[in-house]
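Per this note's numbering, residue 1 is the first one in the sequence shown, and the count goes up by one each step. Backbone N, C-alpha and C define an ideal beta-carbon position, used for all residues, glycine too. One structure is given below, encoded as structure tokens.
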Amino acid sequence: RAANYLFKIPDPISLKKKKILDYLISKSDSKVLYGPFKNMFLMKNARWAKFDLIPQLLGTYEENIVNYIINKREINKELFVEIGAGDGYFVLGFSFSEMFNNIYAFEISDEGRKIIKKNAIRNNCLNKLKIIKEANYASLLEIERKFSAGIILIDIEGAEYDLLNEKILSLLSKFHLVVEMHPFLVANSKEKHNQFISKVEKYFLVEKSIRKNYNPSRFNELSKFTEDEQLLALSEGRSERTEWLLLSPKN
């Protein structure tokens, strides 16, 4: 492994994933093949975790969260917000599929916002999407004043512990929040996480979700690959098991 790193030789897993990704791109023309975002174009040169394109093309990326949001949409489809939109998979998917009336993408990276805009133009949905740099009390207050309900997805790589302080939790307490947790990315993680949960429980009913679905046999496109390769295709390459908090308003 040290030699691979020194001479920049791809590791065997990356080589297998590249083979699968190249095949799926050729078969799909870079469009999502299945699921609620079917036929949406994806950027080949993703800024964020290139091999996430495999489950995204198959429509299985964070499928548990996509399904949860769609189910909650039945209650209120007026607003979807993503804080930490990355390359825009969620905000573009929901814009492209016209599932929400108003969609906001917060992405602090200049490059990320450019990629989201470029792909929104390619998918003819830029007019349905507002792209904003930073989520803070002022920018979230504007949204809170405009909408009585909605869904907010938060994925900010450990910064959720700082962003979601008492003031912002109170501000957003009428919305449904989905928070991807990253305790392994912060110092004093156990103590910080427990304190965070105690704050959240003042304002929300708390459920948890983990990703469970690994069934490659449902995809004909994967039948040419070995069983190990098919399982790799559905992997999201996470270093730790990811947990999401599903927060519903108490009132």
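Shown here, Val32 sits in coil according to DSSP, grouped into three states, outside any helix or strand. Between Phe196 and Tyr161, the CB-CB gap stays under 8 Å. Here DSSP, grouped into helix, strand and coil, assigns Tyr214 to coil. In this structure, the straight-line span from the alpha carbon of Ile13 to that of Arg211 is close to 21 Å. Unbroken beta strand (DSSP E) stretches of 3 residues or longer found wholly inside the region 8-90: 79-83, given in chain order. Just so you know, the alpha carbons of Ala46 and Asp87 end up roughly 7 Å apart.
Secondary structure note for His182: it is in no beta strand (DSSP E), with a DSSP letter that is neither H nor E. CA-CA distance, Lys27 to Gln230, rounds to 16 Å. When only Cα atoms are considered, Leu42 and Lys117 end up about 12 Å apart.
Collapsing the DSSP output to three states places Ile168 in a helix.
Ser209 is bridged by DSSP to Trp244. The DSSP-derived three-state label of Phe219 is coil.
Of the other Cβ atoms in all chains shown, fewer than 16 fall within 10 Å of the Cβ of Asn215; this residue is therefore exposed. Bridge pairing for Val178: Leu153, Leu246 [DSSP]. For Asn101, the three-state secondary structure derived from DSSP is coil. Rounded to whole angstroms, the gap between the alpha carbons of Leu185 and Ala149 is 31 Å.
A direct Cα-Cα distance of roughly 31 Å separates Gly35 from Lys146. If you draw a straight line from the Cα of Tyr137 to the Cα of Asn101, it comes to about 23 Å.
Approximately 5 Å separates the beta-carbon atoms of Leu177 and Ile152; this is inside 8 Å, confirming the contact.
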